[in-house]
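>
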Amino acid sequence: MASHIVGYPRMGPKRELKFALESFWDGKSSAEDLQKVAADLRSSIWKQMSSAGIKYIPSNTFANYDQVLDTTAMLGAVPSRYNWSGGEIGFDTYFSMARGNATVPAMEMTKWFDTNYHFIVPELGPDTKFSYASHKAVNEYKEAKALGIDTFPVLVGPVTYLLLSKPAKGVEKSFSPLSLLGKILPVYKEVISELKAAGASWIQFDEPTLVKDLDAHQLQAFTQAYTELESTLSGLNVIIETYFADVPAEAFKTLTALKGVTGFGFDLVRGSKTLDLIKGGFPSGKYLFAGLVDGRNIWANDLAASLSTLQALEGIVGKDKLVVSTSCSLLHTAVDLINETKLDDEIKSWMAFAAQKVVEVNALAKALAGQKDEAFFSANAAAQASRKSSPRVTNEAVQKAAAALKGSDHRRATNVSARLDAQQKKLNLPILPTTTIGSFPQTMDLRRVRREYKAKKISEEAYVSAIKEEINKVVKLQEELDIDVLVHGEPERNDMVEYFGEQLSGFAFSANGWVQSYGSRCVKPPIIYGDVSRPKAMTVFWSSMAQSMTARPMKGMLTGPVTILNWSFVRNDQPRFETCYQIALAIKDEVEDLEKAGINVIQIDEAALREGLPLRKSEEAFYLDWAVHSFRITNCGVQDTTQVLPLPFTLKPVL
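Per my numbering, the very first residue in the sequence shown carries number 154; after that it's consecutive.
1) My parser needs the alpha helix (DSSP H) runs of 4 or more residues fully inside the stretch 333-418; what are they?
2) Enumerated in chain order, which unbroken segments of the beta strand (DSSP E) with a length of 3 residues or greater are wholly contained in the stretch 414-455?
3) Starting from the C-beta of Gly642, find all residues in its chain whose C-beta is less than 7 Å away, skip the five residues before and the five after it, and write them out in chain order.
4) Answer with buried or exposed for Ser212, where buried requires no fewer than 16 other C-beta atoms within 10 angstroms of its C-beta.
5) Could you give the distance in angstroms between the alpha-carbon of Ala410 and the alpha-carbon of Asn390?
6) What runs of the beta strand (DSSP E), each 3 residues or longer, lie entirely inside the stretch 708-765?
7) Would you call Met597 buried or exposed, if buried means 16 or more other Cβ atoms sit within 10 Å of its Cβ?
8) Check this for me: beta carbons of Gly683 and Thr547, under 8 Å apart or not?
9) Could you check what DSSP says for Ile500 in three-state terms: helix, strand or coil?
10) Where do the N-terminal and C-terminal ends of the alpha helix (DSSP H) with Leu777 fall, by residue?
11) Quick one: what does DSSP say Ile198 is sitting in, helix, strand or coil?
12) Within its chain, find whatever has a CB closer than 8 Å to the CB of Thr732; leave out the 5 residues flanking it on each side and keep chain order.
13) With DSSP as the reference, label Ser287 as helix, strand or coil.
14) Taking only three categories from DSSP, how would you classify Ser461?
15) Taking contact to mean at least 3 C-beta pairs separated by less than 8 Å, is the stretch 304-321 in contact with the stretch 269-276?
16) Return helix, strand or coil for Pro320, following the three-state DSSP convention.
17) Which stretch, first to last residue, makes up the alpha helix (DSSP H) that contains Met262?
18) Going by DSSP, which residues form a beta bridge with Tyr671?
19) Looking only at DSSP bridge pairs, what is Thr479 linked to?
20) If you follow the alpha helix (DSSP H) that Phe177 is in, where does it begin and where does it stop?
21) Apply the 10 Å Cβ neighbour rule to His782 and answer buried if 16 or more other Cβ atoms are within range, or exposed otherwise.
22) Over what stretch of residues does the alpha helix (DSSP H) that includes Gln792 continue unbroken?
23) Across which residues does DSSP place Phe660 in a beta bridge pair?
24) Can the beta-carbon of Lys336 be found less than 8 Å from the beta-carbon of Thr385?
25) Count the other CB atoms within 10 Å of the CB of Gly659; is the residue buried (16 or more) or exposed (fewer)?
26) Would you tell me roughly how many angstroms separate the C-alpha atoms of Ile516 and Val476, rounded to the nearest one?
27) In the DSSP output, what is His157 paired with across the bridge?
28) Output needed for Pro767: all residues of its chain with C-beta closer than 6 Å, excluding positions within five of it in sequence on either side, in chain order.
29) Within 10 Å of its beta-carbon, does Lys741 have 16 or more other beta-carbons around it, so buried, or fewer, so exposed?
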């Protein structure tokens, strides 16, 4: 029984790549220094997987910035503004595309499907010239081979690459990058031929756009692409990998009929309908890469449940054609739980970061092959049972309050017009009042104060005094600028989600659970492990202090429940909307306490509303329904005179 990993985090367990990149960009280290750090990380990852017993180890999933940008470099699809003169693309051109330079802007960056990772969007037009300009995929295969590890080279598939592209500046918006398929396939053929010559026996094409809503023309492009590549791929085992959602029935039919393809990878964590399609008919003699270990969360796999699913699949595809895999690249989870020395032991036992997920994949493969590690499975079962029964997970009062929400839309009692009249009488604001979004720039000194207070190096009195001084500066500045509705600047906050999560029950925080967002930027998502409640007021002290410094309205500043949810690792033992309603109730308590404290304008930020939007149109309405309902819960109990400002940074594209 074989095991496979779709991809692995690049940053390193201590964010080694982040610091190497930033040192290079700052001119403090050389390209050779950066290349050495990157090579050491790749070597460590490959050796780790090999030691864990993984049979199909990926290569070319490591990137110095982004895997789609790597593909743009491979294809030589460099926008003309970067003045690339041909040849092998080096760091100067590569990082200019990613970050811009002194004379030209960067390429656009956008979300990778519905994850919190961002990719660099290719800019293409009818006149774009393609050439084989980066040999990275082949070089990394050879690099691993020199270490004695035969890897599984991974390429972003040609159709997905084009479907993720946009018309270049100056090109008609109606231009379809998919029309360039015939022009990029010759480059893919060169890459494939070099990989074959280097000794590769398997190759993986990532085609995750197959999970989206595709029309007949777009689906036909997959057939066209792999039919044209078939002769070049001859002699190689070829897997088409999909992830992040179910593959629709028509796409499944197209995918499984592709010529020259040896196997197919599916996300069976978020793809229960795909599992039904597989059970309904899977092509004979093809490999199934069953993605049963979640690549997007930090929870330990329920090994017994996964083994049961695998045993059922074994009866469909056969033991020799079934491969245990991750649901997607482990890029979207934290690196290694071993570095978490301060996490509560019980909560930690419920978790698995990327390194632990690699072990889980191999354990499942061995169990299916009749070599079950009974001790490992028993420990996993005990952790699963502990999580289900722990009083730290379930709070009956929260469950009861959340259950009571059903059957009501929780709108405010009066209509908008009546509320506006009441608010105007109370606040007496101009027709077009001025305000700011909320947070002011944070100095190194301010961050030092927060850091020292957290480390208990300064007293609470000294900390409050420093923050109060900063708030006073911000208030005075806004008054000098004649701003109508003031903010306190949020000097006490480190992150708009972490700040609230640290004060809510049901949340835990890692020390090193970093996940790449883009380039060298990493985030450390809070972990929601149990029912969420608010033990005490979170922002009232600071907002009240700020209001006491001015006669003008002071905004209370809160992060909304959907954003807190979408920027966290969320418990997987109940529907996401139930957790969101619990967070909404906690924010509701805070809103009402702010109102009681005399704060008459309250801003609720929903910066991540769009992040949770499903990948297919048919599923959007349900998400938007509970997301909007969650927001309404937060402010349904305030008086008409209290003005609530929803700030959905990304709502317009959704609507």
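Every residue gets a Cβ at the ideal spot worked out from N, C-alpha and C, and that includes glycine.
Values in this document were obtained by computation on a predicted structure and should not be read as measured data.
Reading it off the structure:
1) 334-351, 369-386 and 402-409
2) 416-420 and 440-446
3) Ser592, Phe593, Glu623, Ile624 and Val627
4) buried
5) Cα atoms of Ala410 and Asn390: separation of roughly 16 Å, rounded to the nearest angstrom.
6) 708-712 and 754-758
7) exposed
8) In this structure, Thr547 lies closer than 8 Å to Gly683 by Cβ.
9) helix
10) Taken as a continuous stretch (DSSP letters only), the alpha helix (DSSP H) holding Leu777 covers Glu773 to Asn788.
11) helix
12) Ile681, Val685, Leu718, Val723 and Arg724
13) coil
14) helix
15) With a cut-off of 8 Å on Cβ pairs, the stretch 304-321 is in contact with the stretch 269-276, counting three or more such pairs.
16) The three-state secondary structure of Pro320, taken from DSSP, is strand.
17) From DSSP, Met262 is part of no alpha helix (DSSP H) but of the beta strand (DSSP E) over Met262 to Lys264.
18) Arg674
19) According to DSSP, Thr479 bridges with Val446.
20) Glu169 to Trp178
21) buried
22) Gln792 -> no alpha helix (DSSP H), and no H or E assigned at all.
23) Ile681
24) No, the pair does not count as a contact, with Cβ atoms beyond the cut-off.
25) buried
26) Note that residue 516 corresponds to Ala in the displayed sequence, not to Ile. If you take the alpha carbons of Ala516 and Val476, they lie about 12 Å apart.
27) Tyr209
28) Glu773 and Tyr776
29) Lys741 should be labelled buried.
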